[in-house]
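Following: one structure in C-alpha cells, then a few remarks.
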Amino acid sequence: MKLEIFLKVRHLHILESTRCKSNSCARRLAVVGSGPAGFYSVQSLLKRWPSCSVDLYEKLPVPYGLVRYGVAPDHPEVKNCIHQFEKTVEEFGPLGRFQFFGNVNVGKDVRIRELAESYDAVLLAYGSETEKKLGIEGEDARNCFSARHFVGWYNGSPDAPNLDSNLAHLRNETAVILGHGNVALDAARILLAPESLLNSTDISSRAIDQLKRSKIRRVILIGRRGPLQVSFTIAELREMTRLAGCGHVIDKLDFKAIEESKILDRLDRPRKRLTQLMMDKATNLGSGSSENDDKRWILKFLRTPKRILSTENAVSGIELVENCLELDGDNYSEAKAIPLEHRRTESIPCSLILYSIGYRSINIDPDDLPFDQKRCVISTENFKVNGAKNIYACGWCATGARGVIASTQSQSRMVAEKIIADFSSSSVDGTSRPGFENVETVLRRKNNDGKEEVAVAQICHDIEENLLIDESKNESEDRKEDIAQSKLENNDDIRKDATFREKKRSSTPVESEEKIHDWLLTTVNDEREKENDAKLSNRSYQKIEDSEKKSMQRATSMVNLSDLRTKRSQLHTDWFEKKKQLLKQQKQQQIILEEQKEKLKREKENQSRIVYESWKKLKDEQIRIRRKIISESTVRKEREEKESKEQKRQDALKVYEAWKKSKEALSKGNSKKGDKLAEEQEMKKKKEEAKLVFDQ
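Residue numbers (my numbering): 5 to 700.
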C-alpha cells in the first residue's frame, strides 16, 4: 500500500496525493502528528464514524514518530503497533477515507487557523518533540547532547543530527548518562552491547560502524533521587543485568536505610519487585562484574550535575553535588531532591555525556494556539483546545511526556468519542468543509511566491525512475567527459613529440672540417688530463684506504655507542612506564580509599539518622504514655468526686426522712411534753444538719 506524501525540495512542495474517491464522506478531519497518539486516533475515528474521512499530516517525510525512531532497535515488540497502523492504511486508503501527507510542517507551511478553516475538525497529536535542557555551565560543550538525539541517530531518524564525529573522537572509555529512565537504560545498553546483538537488530548501518569503533567501556547512570524514585521498569533493569560481557556496579549502602526502616513492605507490588531486584544485585563492594567482563555500567543515586568540565570545548568530565530527599508523608515516589551545597563536590572524568531528563512539547503556532508555558502543554479542557471551536488535542502535547503506548491508545479512543459526540449534537454546523483542496491551494500559493512551480510526482515509483534516469544521464555525461579528456591528452602527447623532434633536429652538429679539427684537439687535451688525474689518484689511493679504515673503525665505535644509547633509552622508557603504572596504582588506591572514606561517612550519617529517628520515636512514645496517664487520672478523679457528691446527697435524704418521721410523731401527741421538747430540740438539730448538708 503506497502512502501519500509531501516532499519539500528547495522550498518546493512535491505533491503526491489521491483525491477522495467518493463524495459520501460527510465530515473531513485533519490529524497533526503520525505517532501513536495520531494513528490510534485515526484508527478509532475511521472505525467508529463511517461517514468521515481523515487526512494525516506529518512534519517528517515518514510516519510513526517515536514508535519508529524513539524505541531501542533490540525491542522490536514495542513496534508491533506499526502493523496495526499499516492495516488501517490498507483498509481505508483505497476507499478514499484516509490520506497521509508527509514533510508538511504545520504551523509554518500551513497555519492551524488555515487547517481549522479547511476541515470540520482538527486534532493535534504532534507529541513532545524537544528535550528538557540541563541549564548548567558547560552544557554546550562537544560530546554533550540529549539521549533523544542519540536514539534518533542510531535509529536513522531523518531529523537526527550526525553524531559520527562525536563518537569517533572520544578521549577516554567513560560515558555519563544523566537520568534513571527507560531511555537512559536504552542508551547505556546500545553503548555497551556486543556486536552480535547489534547485528541482529534494525539499527542503522552507520551507527553500527561507529559503535564498533567506540572506546566506551564504562557507563555511569546518575540520578537526582534515590532507588525508590527511579523511573525505569523492572524489565529494562533485568535486561541490563543480563547483558553479555558486561558487568554492573550497584552499591549496597544506597539500600541500607530501606532495609533497616522496612519500607519495602509498604510499597506497591511493581515498585517493591523493582527495588528488591536492585537490592539482590547490589553488594558491599558494588559489584556484579567479574574479571572477564570487558565492560560495565554503574548506578549512582542522589547526585545533581553542577557543571560540565571541558578541554578545548570538548567534554572532559562532570562535577556533581550530593542531594538529600524531602519526603511528603509516605509518598516515597514524589520525594524531592534537595542539593547539599555545603558538601564537597564530586568530579568524574568522562568523554561523553548524554542527558535523559524528559521531553517537553512546543507551541507550533504561537499566534493561533493557547499554550501553558509552565507545563509545556496545549491548554485544553476535556480534550478541546481552549477558545477554539473545532480544534482538539491529545497525547503528550496535551498531557505532558508521561505514559506508555497503552495509555496513549486509551486516550486516543476517548478523544475520538468526544469528537463524534460533539458532531452528533445539533449545535454543530451540518455543512462539510473542502478539506485538503483548500490546504493544497494554500501550499501552492506559498510555493509560487518567487519560487519554482509545484510539480506532481509519485514517491513510490516515479521518483525512483527519475533517480535511475538521472544516474544514467550522469553516467553518459561522465563517459563523454572521459573521451574528451583522452583526446586532449593525446593531442598534448602529439605536440610534445613534435617539439622534442624539433629540438633534436636543431641540436645535431654540422660536419665541417674546422669543427672536426677543434673536436680532435679537445679530445687529446682531455685524454692528457685524464692520465694526470690517474697518476694523482694512484698516489692518493693508499691515503684513501687508510682513511677508509679509520672511518670504518670510527663507524664501528659509533654503532656500539648507538646501541648503548638505545639500551639506555629503553631502560629509561621501561623505568618511566613502571613509574607511570606505580603512580596509576597509587592514584587508584587513593581513589578507592577516598570512596571507602565516603562510604564510611555516609554509613555513619545513616546510622546517626537511624539513631535520631529511634530516639525521636521513643520520645514520642513517652509523651503519648504520659498524656494517657494524665487523662486516666483526670477521669478517675472526676469519677470519685461524682461518687462523693452522690453519697452526700443520699446522707442528706436519710436525715431528711428521719426528721420527717420525728415531726409526724410529734404531731400525734404520743409522747410526753418533756419528751416532746427534747425531741423538738433534737429534730431542730437534725434539720440544721440536713440544711448544712444540702448547702454543701
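Just so it is clear, CB atoms sit at the ideal spot from N, CA and C, and this is done for glycine as well.
Predicted model, so just to flag it, every value in this text is computed and none were measured.
Proximity winner among the options, relative to residue i (alpha-carbon distances)
{"i": "G111", "options": "R630, E686, L681, L447", "result": "L447"}
{"i": "A420", "options": "P40, V36, S45, L33", "result": "S45"}
{"i": "L182", "options": "R217, S209, E199, I140", "result": "I140"}
{"i": "A41", "options": "S55, W53, C56, Y68", "result": "Y68"}
{"i": "Q214", "options": "R228, E143, H173, A192", "result": "H173"}
{"i": "P54", "options": "R348, R72, F96, K691", "result": "F96"}
{"i": "A34", "options": "R117, S414, N186", "result": "R117"}
{"i": "D334", "options": "Q654, Q233, Q415", "result": "Q233"}
{"i": "I315", "options": "K304, R449, A145", "result": "The sequence shown places Thr at residue 315, not Ile. Of the listed residues, the one whose Cα sits closest to T315 is A145."}
{"i": "I347", "options": "K605, I595, S235, D190", "result": "Residue identity check: residue 347 is Arg in the sequence provided, not Ile. The residue with the shortest Cα to Cα distance from R347 is K605."}
{"i": "R379", "options": "P370, D371, Y73, W400", "result": "W400"}
{"i": "P165", "options": "N203, R210, I634", "result": "R210"}
C-alpha gap between residue i and residue j, whole angstroms
{"i": "S48", "j": "E94", "result": "15 Å"}
{"i": "G156", "j": "C85", "result": "19 Å"}
{"i": "F259", "j": "E609", "result": "14 Å"}
{"i": "G251", "j": "M282", "result": "14 Å"}
{"i": "D486", "j": "S208", "result": "Legend: pLDDT at D486 = 49, less than 50; position of this residue unreliable, no value from coordinates given."}
{"i": "K667", "j": "K632", "result": "53 Å"}
{"i": "S38", "j": "T403", "result": "17 Å"}
{"i": "C56", "j": "V108", "result": "22 Å"}
{"i": "L201", "j": "D78", "result": "8 Å"}
{"i": "L657", "j": "K664", "result": "10 Å"}
{"i": "S411", "j": "S612", "result": "44 Å"}
{"i": "T308", "j": "V615", "result": "27 Å"}
{"i": "D586", "j": "Q592", "result": "The residue you asked about is not Asp; residue 586 is Leu in the sequence shown. Each residue's alpha carbon lies about 10 Å from the other."}
{"i": "P438", "j": "G100", "result": "14 Å"}
{"i": "P231", "j": "S416", "result": "33 Å"}
{"i": "I596", "j": "K603", "result": "10 Å"}
{"i": "E199", "j": "L247", "result": "12 Å"}
{"i": "D567", "j": "H576", "result": "14 Å"}
{"i": "K713", "j": "S436", "result": "An answer regarding residue 713 cannot be provided, because it is not within the stretch 5 to 700 covered by the chain."}
{"i": "D726", "j": "R628", "result": "No answer is possible for residue 726: it lies beyond the span of the chain, which begins at 5 and ends at 700."}
{"i": "D206", "j": "Y363", "result": "24 Å"}
{"i": "G249", "j": "D369", "result": "49 Å"}
N- and C-terminal bounds of the beta strand (DSSP E) containing residue i
{"i": "R307", "result": "307-315"}
{"i": "G139", "result": "Here G139 belongs to no beta strand (DSSP E), and DSSP marks it neither H nor E."}
{"i": "W301", "result": "299-304"}
{"i": "P343", "result": "335-343"}
{"i": "T205", "result": "Taken as a continuous stretch (DSSP letters only), T205 belongs to no beta strand (DSSP E), as it is neither H nor E."}
{"i": "I226", "result": "222-226"}
{"i": "L128", "result": "125-128"}
{"i": "T178", "result": "178-182"}
{"i": "V234", "result": "Taken as a continuous stretch (DSSP letters only), V234 belongs to no beta strand (DSSP E), as it is neither H nor E."}
{"i": "A30", "result": "Here A30 belongs to no beta strand (DSSP E), and DSSP marks it neither H nor E."}
{"i": "V253", "result": "250-253"}
{"i": "A397", "result": "395-397"}
{"i": "L358", "result": "356-359"}
Delimiting residues of the alpha helix (DSSP H) encompassing residue i
{"i": "E169", "result": "The sequence given here has Ser at residue 169, not Glu. Here the alpha helix (DSSP H) through S169 covers 168-172."}
{"i": "H87", "result": "85-96"}
{"i": "E330", "result": "Looking at the DSSP string, E330 is not in any alpha helix (DSSP H); the run it does join, the beta strand (DSSP E), is 318-332."}
{"i": "P54", "result": "That residue, P54, is in no alpha helix (DSSP H); it is neither H nor E in DSSP."}
{"i": "I262", "result": "260-265"}
{"i": "F440", "result": "440-451"}
{"i": "Q413", "result": "409-428"}
{"i": "G156", "result": "151-159"}
{"i": "T279", "result": "273-285"}
{"i": "R193", "result": "186-196"}
{"i": "I366", "result": "Here I366 belongs to no alpha helix (DSSP H), and DSSP marks it neither H nor E."}
Other residues of its chain near residue i: CB distance less than 8 Å, five sequence neighbours each side excluded
{"i": "S648", "result": "none"}
{"i": "V389", "result": "L128, L373, P374, I382, S383, I395, Y396, A397"}
{"i": "L670", "result": "K680, E683, E684, M687"}
{"i": "C328", "result": "L306, A341, I342, L344"}
{"i": "S150", "result": "E135, L358, Y359, S360"}
{"i": "A694", "result": "A656, V659, Y660, W663"}
{"i": "R222", "result": "E177, T178, A179, K299, R300, W301, I302"}
7 Å CB neighbourhood of residue i in its chain, flanking five on each side removed
{"i": "K310", "result": "I140, E323, L324, V325, T349"}
{"i": "D376", "result": "S383"}
{"i": "R277", "result": "I238"}
Same chain, Cβ closer than 6 Å to residue i, five either side skipped, listed in chain order
{"i": "L171", "result": "Q214, S218"}
{"i": "S351", "result": "G321, E323"}
* Indicate whether the contact test is met: 3 or more Cβ pairs, each with one atom in the region 60-70 and one in the region 98-111, closer than 8 Å. => yes
* Asked: Are at least three pairs of beta-carbons, each pair with one atom in the region 349-361 and one in the region 320-328, less than 8 Å apart?
  -> yes
* Taking 8 Å as the threshold, find out whether the region 239-256 comes into contact with the region 327-347 through three or more Cβ pairs. => no
* Asked: Are there three or more Cβ pairs, one per stretch, closer than 8 Å when the region 222-241 is compared with the region 186-194?
  -> yes
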